[in-house]
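Q: Quick note, the sequences are listed as chains A and B, same order. With the first letter of the first sequence counted as 1, position 535 gets the number 535 in our numbering; the numbers rise by one all the way through. With the first letter of the second sequence counted as 1, position 48 gets the number 1048 in our numbering; the numbers rise by one all the way through. Glycine is no exception: its CB is placed at the ideal position from the N, C-alpha and C atoms.
Protein chains: 2
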Amino acid sequence: MPLEPAGATPSAYAYPMLVKQLLHSARATAGGQEIVYRDRQRHSYRQFFERLNRLANALAGLGVGPGSTVAVMDWDSHRYLEAFFAVPMMGAVLQTVNVRLSPEQILYTLNHARADVLLVNAEFVPMLAIIKDQLETVKRFILISDDGATLGSFGIPYAGEYEALLAAASPDYDFPDFDENTRATTFYTTGTTGLPKGVYFSHRQLVLHTLAVATALGSAAGQGRVHRDDVYMPITPMFHVHAWGMPYLATMLGMKQVYPGRYSPDMLLKLIASEGVSFSHCVPTILHMLLADKAGADVDLSGCKMIIGGAAFPKGLAAAALARGMDVFSGYGMSETCPILTIAHVRSALPDVDAEAAERIRTGYPIPLVDLRTVDGDMLDVSRDGKATGEIVVRTPWLTQGYLHNPAASQDLWAGGYLHTGDIGAIDPRGMLTVTDRLKDVIKTGGEWVSSLELESIVSQHPAVTEVAVVGVKDDKWGERPLAMVVVKAGQAATADDIKAHVQRFADEGHISKFAVPDRVLFVDSLARTSVGKLNKKAMREQLAG
Amino acid sequence: MPLEPAGATPSAYAYPMLVKQLLHSARATAGGQEIVYRDRQRHSYRQFFERLNRLANALAGLGVGPGSTVAVMDWDSHRYLEAFFAVPMMGAVLQTVNVRLSPEQILYTLNHARADVLLVNAEFVPMLAIIKDQLETVKRFILISDDGATLGSFGIPYAGEYEALLAAASPDYDFPDFDENTRATTFYTTGTTGLPKGVYFSHRQLVLHTLAVATALGSAAGQGRVHRDDVYMPITPMFHVHAWGMPYLATMLGMKQVYPGRYSPDMLLKLIASEGVSFSHCVPTILHMLLADKAGADVDLSGCKMIIGGAAFPKGLAAAALARGMDVFSGYGMSETCPILTIAHVRSALPDVDAEAAERIRTGYPIPLVDLRTVDGDMLDVSRDGKATGEIVVRTPWLTQGYLHNPAASQDLWAGGYLHTGDIGAIDPRGMLTVTDRLKDVIKTGGEWVSSLELESIVSQHPAVTEVAVVGVKDDKWGERPLAMVVVKAGQAATADDIKAHVQRFADEGHISKFAVPDRVLFVDSLARTSVGKLNKKAMREQLAG
């Protein structure tokens, strides 16, 4: 017998899940709510809605329509938020350009994505000038400048300045309906190997990610609960996985939003204090920077909810944030996953701050609709006992359906019908996932697998250590051996033996294998990082091998 | 230029939004959580998941497969929850039968929906016996009985008893993927005129309703906030719009759930106390019954969140609930809308209990994805000034796409591409909707429209009044005139002049038109209600005219 179709009346509205539909409730209830840009501008949602119409008309005037690609190079701003909505709502694709890439990489991504129009902050114009003659598809440029001024045109034929174009455009625009599977956004992952790879998300995927993340964050019993009276500010760049999708969520819920421009600790802390920011997200490096800022040591961070992701969250850092009264907790995902898969909401009473920190650095519980497994090489589930590790593979409604124009990498990503995260993890009987390592960062020594992340977490708890990276180096006898690179806190000192003795205690107490104690400890001034601030272990390994 | 399609890798999983996908997060994290049935049974989610598999196998053994329709006649139970999931997850359609209809109406709905299998509580077997020979499509019957006993077969050829069939069935079942637009549920609206009309919802619609309602309830800043540590119990029947969809929501979030069987005040209050129920929903009549229950006067209801809907929420009743410490607030929707459209979360500090009650009885703010308008006869928006009234029309992703096998009524429902609620309302500048009346219950007197609901709310505030209904009666001079039917509280007394004087004060203070003061007040022992407990104004008008 065939499935029973839902059946529709001809005049019934077949509601497509489009980005524009996220605006209905905010439009009805939050017209007076504020959107703030640094200490420079603030306006209401009512004005925001009108600015979306003006931006769409301005872009349409430059030939943008369904199927066009509009690229943006800007720091986090109200303008970027406008592009998040207006560009996809026109049926065009928004390309969020990673401004921390090299000019050559940026050129590659703009050509590869076939961008038609580029919105560029004046700050990046000198860089753009280097590559402009090699742009294959970008024909029109819009200048973004906080004060309307430019540092010089550098030969870029601007169609106009952002605010001037909006002012000249009509405030009325009728965003059309179309297929919810239309591509809405694209951006490039910044792996440590090979060319950047493009991922892409449809309207349907963005809407479902927004709803599922809102459900997860809102349904917390207490800790880590996000609500519509929160004040939101991104501290993960908007070019990086749509700032984890949170601008869509904040707008849907009609929250007050604060956009900080280029990140600097003083501006971020100033905005947290002056605007009452209560909800944000960042990578561990940035949290470390905020907590270490001397001028901002007096800023009240208590109650500020902050999701930490993008890299392993060291326990020492979590403890330092908890000591400032912050509500920090991990989120897990990646560019390919839109990104949120799990959230580490604390679900039961914990005995002390140490236990709290230990729980909050774990990777988290799967949010609604996430089908998350840890599997062996045959795609069979490993035990959910909190000990057995396997590759984390997932299905959700918001995963990139491939890499742009890259069928081979797409096939690998989706081998066996599940998206392969390339991460190794363990799931405990409560459903809590802990990522133990990147598949490629596991250290294989004497037939055992040692987690570089676990070792980093242990070393970070030494009182003199401020940052640490552990990598495997080739060893004739053992295959690989762990090596720790350590940055010591200003005014503190430690020897390699101090660090080894510290790690040895964890081995003696049975927390880690005795094979995990590093043979070598190198003291360095800083750690190699990728363009988005993650530890660049490939570069470290190459440096050590060379 | 064509729209850019999302583009999929052949092996990528095109995640369909199916009811089964709501189970992922609970399956991962809530295996030990409890599901309770009255004082008779309790089991874990882990057992629940296994029971879904067993039910599917038992039904498959009776020939149920994709496209089949499985009807259920039961009070609210763990079994009903199992049918909510297992039946649609097989690709079959769940028909939730309104057991309060007459045998003739039930016969009509079973034949009209072409039900194949019927699960029937022993309590309804005598009624079933009356109609069994006229059933056109139902061929198999499963007996539901709390103690496995039957009151006699009444000639029904049972395939077996529910628990026995589950015990005999395999605990393994692989629920398939299929098109998310497949019909998942159907049930019949109980209008006061004509034959029952069938509405129907797809998997996609149920999933989106669940996510959007969870987002709305979770994002409240404080008042009315639902979270995963709540204990849920329905007090709106599961046959009525899936108990407002809350069993899906509670299961997705892994909440403890309590099912009360047939509603009686003593059992409901006992379960609230013994199981710690903190989240429910009901119609005003039931809330009134709970608050009026003498034996339950000592039950601590403080902090219990309760959404009130299905009928106008009298202010006096809200005040009485607030005085018991309950967190009562309105929700708005109807059978055709799955049902939730708005939630009356209080968004700002209110000066006193009176103002609180006034806010909480209002209809509420649209939840995410809801495009809700108040329009005139030409489908043009009326002003959102809180005063202008128009018909409430909506678009959301979870509206019935028509009435089953009824194209004419479907066309009326969806005239102009919006679903017509048949309700009259006003939207204020904050986005708060207030339903002022049913389109057909507005009293037209002397060229003015008087809201019967507003009058009922005023009369209900008279200290001697426990229930009231206001209807329009024909009048040669004015067209219609309002008439109030009043039930007086036990041990209290009031005259028609008392009531009229009470209403006159509201007219003198400018709250209502002087034309709204009723000419006649009738004192009655009880008010005519429909099968789902709503005031039956059609019956009242006929009675008064006859």
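1. Report yes or no: do three or more beta-carbon pairs, one from the region 1321-1331 of chain B and one from the region 1193-1205 of chain B, lie closer than 8 Å?
2. Could you work out which residues of chain A lie near P1368(B), taking near to mean beta carbons separated by less than 8 Å?
3. By the 10 Å Cβ neighbour count, where 16 or more other Cβ atoms means buried, how is K305(A) classified, buried or exposed?
4. Can you name, in chain order, every residue of its own chain whose Cβ lies under 8 Å from the Cβ of E1180(B), other than the five neighbours on each side?
5. Under the rule that 16 or more other beta-carbon atoms within 10 Å means buried, what is P171(A), buried or exposed?
6. With distances taken between CB atoms, is the gap from G1533(B) to I1286(B) smaller than 8 Å?
7. Report yes if the CB atom of S335(A) is closer than 8 Å to the CB atom of A344(A), and no otherwise.
8. Reducing DSSP to helix, strand and coil, say where F1313(B) ends up.
9. For D1519(B), which residues from the same chain have a beta carbon less than 6 Å from its beta carbon, with the 5 sequence-adjacent residues on both sides left out?
10. So with CB distances below 7 Å, who are the chain A contacts of G1417(B)?
11. Skipping 5 residues on each side, what residues in its chain have a beta carbon closer than 6 Å to that of S1457(B)?
12. Quick one: Cα of L1052(B) to Cα of V1093(B), how far?
13. Put K534(A) into one of helix, strand or coil per three-state DSSP.
14. Is the separation between the beta-carbon of D1385(B) and that of T1374(B) shorter than 8 Å?
15. I'd like to know if T185(A) contacts chain B, where contact means its C-beta is closer than 8 Å to some C-beta of that chain.
16. Just the Cα atoms here: how many angstroms apart are Y1263(B) and V1120(B)?
17. Mind checking if R395(A) is an interface residue toward chain B, Cβ cutoff 8 Å exclusive?
18. Alpha carbon to alpha carbon, how far is P1237(B) from W1075(B)?
19. Nearest to V1393(B) by alpha carbon, out of P1407(B), K1387(B), Y1403(B) and P1366(B)?
20. Sorted by chain position, which residues of the same chain lie with C-beta nearer than 8 Å to R347(A)'s C-beta, five sequence neighbours on each side aside?
21. Can you list the residues of chain B that H240(A) reaches, using a CB-CB cut of under 8 Å?
22. Going by DSSP, what residues sit across from N121(A) in a beta bridge?
23. Only counting the same chain, and skipping five residues up and downstream in sequence, which positions put a Cβ closer than 7 Å to that of Q134(A)?
24. Run through the DSSP bridge pairs and tell me what S1330(B) is partnered with.
25. Applying a beta-carbon distance threshold of less than 8 Å, which residues of chain B neighbour Y365(A)?
26. With which residues is D76(A) paired in a DSSP beta bridge?
27. Between V231(A) and V213(A), is the Cβ-Cβ spacing less than 8 Å?
28. Could you work out which residue in G417(A), T251(A), M252(A) and G224(A) is closest to M547(A) when comparing CA atoms only?
29. So, are the CB atoms of L483(A) and V468(A) less than 8 Å apart?
30. Is G276(A) close to chain B, meaning its C-beta is less than 8 Å from at least one C-beta of that chain?
31. Is E542(A) helix, strand or coil when you go by DSSP?
32. Please go through the same chain and pick out, in chain order, the residues whose beta-carbon is closer than 7 Å to the beta-carbon of A426(A), but skip the five residues on each side of it.
33. From G1254(B), R1395(B), T1096(B) and H1240(B), pick the residue whose C-alpha is nearest to that of I1035(B); which is it?
34. Of the choices E1104(B), L1059(B) and A1494(B), whose alpha-carbon is the least far from that of F1085(B)?
35. On a Cα-Cα basis, can you pick out the residue from V125(A), Q21(A), Q41(A) and A149(A) that is closest to P88(A)?
36. Which partner residues of V1277(B) appear in the DSSP bridge assignment?
A: Taking the coordinates as given:
1. no
2. Position 368 of the second sequence, counted from the start, is the residue given in the question as residue 1368(B). Neighbours of P1368(B) on chain A, chain order: L22, H24, S25, L211, A214, M252 and L253.
3. In the first sequence, residue 305(A) corresponds to position 305, counting from 1. The residue is buried, with at least 16 neighbouring Cβ atoms inside 10 Å.
4. By 1-based counting over the second sequence, the position of residue 1180(B) is 180. P1016, M1017, L1018, S1202, H1203, R1204 and V1207.
5. Numbered from its first residue, the first sequence carries residue 171(A) at position 171. Exposed.
6. Residue mapping note: residue 1533(B) aligns to position 533 of the second sequence, counting from 1. Residue mapping note: residue 1286(B) aligns to position 286 of the second sequence, counting from 1. Contact flag set, yes.
7. Counting from one through the first sequence, the residue named residue 335(A) turns up at place 335. Counting from one through the first sequence, the residue named residue 344(A) turns up at place 344. Going by C-beta atoms, S335(A) is not nearer than 8 Å to A344(A).
8. On the second sequence, residue 1313(B) is found 313 positions in, with the first residue counted as 1. Coil, per DSSP.
9. Here residue 1519(B) is taken as the residue at index 519 of the second sequence, counted from 1. The residues are R1481.
10. Reading the second sequence from its first residue, position 417 is the one you call residue 1417(B). Against G1417(B), the close residues of chain A are S11 and Y13, in the order they occur along the chain (beta-carbon pairs closer than 7 Å).
11. Taking the second sequence and counting its residues from 1, the one referred to as residue 1457(B) is at position 457. Here the set comprises P1314 and K1315.
12. In the second sequence, counting from the first residue as 1, residue 1052(B) sits at position 52. In the second sequence, counting from the first residue as 1, residue 1093(B) sits at position 93. Each residue's alpha carbon lies about 15 Å from the other.
13. Start at 1 with the first residue of the first sequence, and residue 534(A) comes out as number 534. Three-state DSSP puts K534(A) in coil, outside helix and strand.
14. The residue you call residue 1385(B) lines up with position 385 of the second sequence. The residue you call residue 1374(B) lines up with position 374 of the second sequence. No, the Cβ-Cβ distance between D1385(B) and T1374(B) is not below 8 Å.
15. Residue mapping note: residue 185(A) aligns to position 185 of the first sequence, counting from 1. Answer no: the Cβ-Cβ gap between T185(A) and chain B never drops below 8 Å.
16. In the second sequence, residue 1263(B) corresponds to position 263, counting from 1. In the second sequence, residue 1120(B) corresponds to position 120, counting from 1. Each residue's Cα considered, the two are about 17 Å apart.
17. In the first sequence, counting from the first residue as 1, residue 395(A) sits at position 395. Chain B, which has a Cβ nearer than 8 Å to the Cβ of R395(A), makes this yes.
18. As a first step, residue 1237(B) must be located in the second sequence, where it is residue number 237. As a first step, residue 1075(B) must be located in the second sequence, where it is residue number 75. For P1237(B) and W1075(B), the distance between alpha carbons rounds to 7 Å.
19. One-based indexing of the second sequence puts residue 1393(B) at position 393. Nearest option by C-alpha distance: P1366(B).
20. What you label residue 347(A) is simply residue 347 of the first sequence in a count that begins at 1. Here the set comprises A221, Y365 and R430.
21. Here the question's residue 240(A) lines up with position 240 in the first sequence. None at all; the shortest Cβ gap to chain B is about 20 Å.
22. Locating residue 121(A) in the first sequence gives position 121, where the first residue counts as 1. Beta-bridge pairing links N121(A) to I144(A).
23. The residue given as residue 134(A) occupies position 134 in the first sequence. So the qualifying residues of the chain are L107.
24. Here residue 1330(B) corresponds to residue number 330 of the second sequence, with the count starting at 1. Answer is I1308(B).
25. Taking the first residue of the first sequence as position 1, residue 365(A) is located at position 365. S1025, A1028 and T1029, listed in chain order.
26. Counting from one through the first sequence, the residue named residue 76(A) turns up at place 76. Looking at the DSSP assignment, D76(A) forms a beta bridge with G261(A).
27. Working through the first sequence from its first residue, we reach residue 231(A) at position 231. Working through the first sequence from its first residue, we reach residue 213(A) at position 213. Going by C-beta atoms, V231(A) is not nearer than 8 Å to V213(A).
28. Any question about residue 547(A) goes unanswered here, given that chain A covers just 1 to 546.
29. Within the first sequence, the letter at position 483 stands for residue 483(A). Within the first sequence, the letter at position 468 stands for residue 468(A). No, the pair does not count as a contact, with Cβ atoms beyond the cut-off.
30. Here residue 276(A) corresponds to residue number 276 of the first sequence, with the count starting at 1. No, G276(A) does not count as interfacial toward chain B.
31. Against the first sequence, residue 542(A) aligns to sequence position 542. Looking at E542(A) - three-state DSSP - the assignment turns out to be helix.
32. The sequence position of residue 426(A) within the first sequence is 426, counting from 1. Within the same chain, A426(A) has close Cβ partners T374, G386, K387, A388, T389, T434 and T436.
33. Position 35 of the second sequence, counting from 1, holds the residue named residue 1035(B). Of G1254(B), R1395(B), T1096(B) and H1240(B), the residue nearest in Cα terms is G1254(B).
34. Mapped onto the second sequence, residue 1085(B) falls at position 85. Among E1104(B), L1059(B) and A1494(B), the Cα nearest to that of F1085(B) is on L1059(B).
35. By 1-based counting over the first sequence, the position of residue 88(A) is 88. It is Q21(A) whose Cα lies nearest to the Cα of P88(A).
36. Along the second sequence, read from residue 1 onward, the residue named residue 1277(B) stands at position 277. None; V1277(B) has no bridge partner.
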